[in-house]
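Visitor: Handing you a structure now.
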Amino acid sequence: YGLADKGMHILSDSQLHVRHYQGHWYQNTGKLATVVERASPLPSNILSFVKSQINEDQVLKETYDRYPGNGGLDWITPVDRPPKYHHSPSVSREENAATGLRRYECSANEAETQEMRIAKRFKEWWSHTACPDQVWMESFLELMTREVERSSESNENSIVVLDIGCNKGYTSADFFDTIYPAANMNAKTLHNAINTVARNQDTEYKRACGACGDCTRALNKEKTKNGKVDLHCFEPSPATYEMLREVDAILKVEEKSAHQAKWHIHNKGLHNKSGMLAWHKACNKVGDELCSIVALDTPDAIHVEVTTVDDFARKTLQSSGPIHMLKIDAEGLDPAVLRGATSTLSSHRAIYVMFEFNPGLRDKKPPYGMWGTAKGLTKLLEVTDWLDTLSYDCYLDSRVDGPKGVNAPPLYRITGNCVRTDPRILGWSNVICASRAFP
């Protein structure tokens, strides 16, 4: 085991290693059929290292050579698995199998150059991180379809999206338009439906087009590529929740997609533990995105059920397959929601994670939210460093347009000391993270 541990230190994080006693546990408990077979040839440098260590130890070499096949000790009894678990990896995994998807570390010069670029960009356009272009969405359907085909544990072969902090539903609309455009649920149709609900109630909703002018987003012109999708929308405000249900009744997403695209709307909040929380009474206005938590005995407070990502995934999602996108917009409470997803993140179940970094909420009167650099608050790099330990690479999302001649990247890398101090965000910023376990 001492020699084996030396070898483990130089194995890439994305390699899967099952030791002999783990193999016996799977076999003895009848769970061997739940293990998915994936080709994972060891890199040549690993094989050379192991061979050199064996040759340097006479006892170990003699023990190894005594095995008839000269291929190692026969520690695990082979057991045939059902045919459905026998499949080849995609080209992407074959290309990465030899080396794995490694964590990139920025040099001091690279980090300094990027930090200067971010600072300059804020002078060019103060809110460039507030309403990002989300260029990474362009390849989302292709990449997630590949993962659905690869995973036998997928939720009925669906792309699974959790939209936490659904509000008026524009993020849900973006994902439907990307994954299943034929359902005709997009920024434009959603805006029209919201206005229809408002007219029916003889009212007008604040920011009906979304905080970023979301209803003006360019739509997906490719209507023939459609992937099965289960999208869970979480909205704690009872008034906004009812508006979303009426919008869904107008758009008929599931019916128009022949049940291939499903919009599950939940009147729940997400936090770091399940239970009940009280929101300020002002939270019961459609479109009010800034809902502050108050004491449970506060007069006229809105009592809302809250759960954690881990509890929801365990109780509601029917399999242990991946969550393809975990989107969080909890108006300053994003760190708490992430902590409630610890098991999901630790098991690499979430492929993408997106959350909002909004330290400016502390400047409100009264101040609220968890982001900030003062004592007792949460720094962005504390969260991204924690996610790094769970094999997630994180980036600041951005806009690429702006003043003429601006050379603006769509993403700024954070992980790997590429951003060394919490950026001074003007407004807010979306942070997008991707798991290195899914190269």
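The sequence shown begins at 1 in the numbering used here and counts up by one.
No residue lacks a Cβ here, since even glycine has one placed at the ideal position from N, Cα and C.
On the DSSP letters alone, give me the boundaries of the beta strand (DSSP E) that D446 sits inside.
Guide: Since the first residue shown for the chain is 1 and the last is 439, residue 446 is missing from the structure and cannot be characterised.
Visitor: Run through DSSP, which three-state label would E94 get?
Guide: Along the sequence shown, one-based indexing puts residue 94 at 94. Note that E94 scores a pLDDT of 33, beneath 50, so its modelled location is shaky and nothing firm can be said.
Visitor: CA-CA distance, K228 and F140?
Guide: Within the sequence shown, numbered from 1, the residue matching residue 228 stands at position 228. Within the sequence shown, numbered from 1, the residue matching residue 140 stands at position 140. Taking the straight line from one Cα to the other gives about 13 Å.
Visitor: Jot down the residue ranges of each uninterrupted beta strand (DSSP E) in the region 325–387, minimum 3 residues, whole runs only, in chain order.
Guide: 350–357
Visitor: Going by Cα to Cα distance, which pick from N220, C209, V253 is closest to D230?
Guide: Position 230 of the sequence shown, counted from the start, is the residue given in the question as residue 230. Here the closest residue by C-alpha is V253.
Visitor: Cα separation between T129 and W279?
Guide: As a position in the sequence shown, residue 129 is number 129, starting the count at 1. As a position in the sequence shown, residue 279 is number 279, starting the count at 1. C-alpha separation (whole angstroms): 28 Å.
Visitor: Can L426 and F176 be called in contact, C-beta distance under 9 Å?
Guide: Taking the sequence shown and counting its residues from 1, one reaches residue 426 at position 426. Taking the sequence shown and counting its residues from 1, one reaches residue 176 at position 176. No, the pair does not count as a contact, with Cβ atoms beyond the cut-off.
Visitor: Between which residues of its own chain and Y170 is the CB-CB distance below 7 Å, once the five residues before and five after are set aside?
Guide: The residue labelled residue 170 in the question sits at position 170 within the sequence shown. Annotation for Y170: A187, L190, G210, D214 place their beta carbon closer than 7 Å to its own, counting only its chain and skipping 5 residues before and after.
Visitor: Check W279 in the structure and name its three-state DSSP category.
Guide: Against the sequence shown, residue 279 aligns to sequence position 279. DSSP places W279 within a strand segment (E or B) once states are collapsed to three.
Visitor: Out of curiosity, what's the CA-to-CA distance linking V383 and P335?
Guide: The residue you call residue 383 lines up with position 383 of the sequence shown. The residue you call residue 335 lines up with position 335 of the sequence shown. Rounded to whole angstroms, V383 to P335 spans 7 Å at the Cα level.
Visitor: DSSP three-state call for D177: helix, strand or coil?
Guide: Your numbering for residue 177 matches position 177 in the sequence shown. Three-state DSSP puts D177 in a helix.
Visitor: Would you mind giving the Cβ-Cβ distance between L162 and L326, rounded to the nearest angstrom? I have them listed as a contact below 8 Å.
Guide: Within the sequence shown, numbered from 1, the residue matching residue 162 stands at position 162. Within the sequence shown, numbered from 1, the residue matching residue 326 stands at position 326. Yes, L162 and L326 are in contact; Cβ-Cβ is about 5 Å, under 8 Å.
Visitor: With distances taken Cα to Cα, identify the nearest neighbour of T415 among P132, L396, N184.
Guide: One-based indexing of the sequence shown puts residue 415 at position 415. Closest by alpha carbon: L396.
Visitor: To the nearest angstrom, how far is it from the Cα of R436 to the Cα of V337?
Guide: Position 436 of the sequence shown, counting from 1, holds the residue named residue 436. Position 337 of the sequence shown, counting from 1, holds the residue named residue 337. Straight-line Cα distance between these residues: approximately 21 Å.
Visitor: Here's the rule I'm using: 16 or more other beta-carbon atoms within 10 Å means buried, otherwise exposed. How should N55 be labelled?
Guide: Here the question's residue 55 lines up with position 55 in the sequence shown. Result: exposed.
Visitor: Using the beta-carbon count (16 or more within 10 Å), is E458 buried or exposed?
Guide: Any answer about residue 458 is impossible in this case: the structure gives the chain only from 1 up to 439.
Visitor: Look at the alpha carbon of G72 and the alpha carbon of S52, and state the distance between them as a whole number of angstroms.
Guide: Taking the sequence shown and counting its residues from 1, one reaches residue 72 at position 72. Taking the sequence shown and counting its residues from 1, one reaches residue 52 at position 52. Reliability fails at G72, whose pLDDT of 47 lies under 50, so the model's placement of it is uncertain and the value that follows must be treated cautiously. Cα-Cα distance, rounded: 14 Å.
Visitor: Is it true that the CB of I250 sits closer than 9 Å to the CB of A295?
Guide: The sequence position of residue 295 within the sequence shown is 295, counting from 1. The sequence position of residue 250 within the sequence shown is 250, counting from 1. No. Outside cutoff.
Visitor: Residues in its own chain within less than 6 Å of D329 by CB, not counting five upstream and five downstream?
Guide: Numbered from its first residue, the sequence shown carries residue 329 at position 329. So the list reads G165, E356, once near-sequence residues are dropped.
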